[in-house]
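Here's the structure, in structure tokens; my notes come after.
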């Protein structure tokens, strides 16, 4: 009986340690648009590095990386999270954005990212070289 209990406890400890290791691997990571599309928007804790290629209206811009292009919708979430792409202090065409945890826009499906968080705005180094 003692051997059975010891074996069961050892098995439980192994399962707990494996789940802790699996959670440790879920730290935020960079992915590409194509990976996001392949995962159907379910990327867990993920980040994307996107270049704004065209601003369509105050809450919608086209963004791209080496693997594809996607609509980036900023109006689907809390009011404090909305980014007005047409204001002077917001990202302009050519800006590079680091965004986190985008989801499918429920109204547009996989062609549009929504409910994302802007982590950082960077200037395109190619624009600096042209100056």
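In the numbering used here, the protein residues as written are 4 to 134.
Using N, Cα and C, we set each Cβ at its ideal position, and we do this for glycine too.
Please read these numbers as outputs of a predicted model, since none were measured by experiment.
Enclosing alpha helix (DSSP H) for residue 136 [first to last residue]: There is simply no residue 136 to check, as the chain begins at 4 and stops at 134 in what is shown.
Residues that DSSP places opposite residue 145 in a beta bridge: Because the chain is modelled from 4 through 134, residue 145 falls outside the range shown and cannot be assessed.
In the DSSP output, which residue or residues are listed as bridge partners for residue 124? As computed with DSSP, residue 124 is found in a beta bridge with 100.
Select from 45, 76, 95 and 42 the residue whose C-alpha is nearest the C-alpha of residue 54. 95
Between residue 66 and residue 58, how many whole angstroms is the CB-CB distance? I'm expecting something under 8 Å. Incorrect: roughly 10 Å between the Cβ atoms, too far for contact.
Classify residue 41 as buried or exposed, calling it buried when 16 or more other Cβ atoms lie within 10 Å of its own Cβ. Residue 41 comes out exposed.
Residue range of the unbroken beta strand (DSSP E) whose run includes residue 90: In the DSSP annotation of this structure, residue 90 is not part of any beta strand (DSSP E), being labelled neither H nor E.
Simplified DSSP assignment, three categories, for residue 41: Residue 41 falls in the helix class under three-state DSSP.
Just to check, is the beta-carbon of residue 119 closer than 7 Å to a non-hydrogen atom of the ligand SAM? Of ligands this structure carries none, so the ligand SAM is not represented either.
Measuring only between beta-carbons, confirm whether residue 32 sits less than 8 Å from chain D. This model lacks chain D altogether, as it is built from one protein chain only.
Given a threshold of 16 other Cβ atoms within 10 Å of its Cβ, counted over all protein chains shown, does residue 125 qualify as buried or as exposed? By the neighbour-count rule (16 or more Cβ atoms within 10 Å), residue 125 is not buried but exposed.
Report the rounded CA-to-CA distance for residue 71 versus residue 37, giving the unit in angstroms. 6 Å
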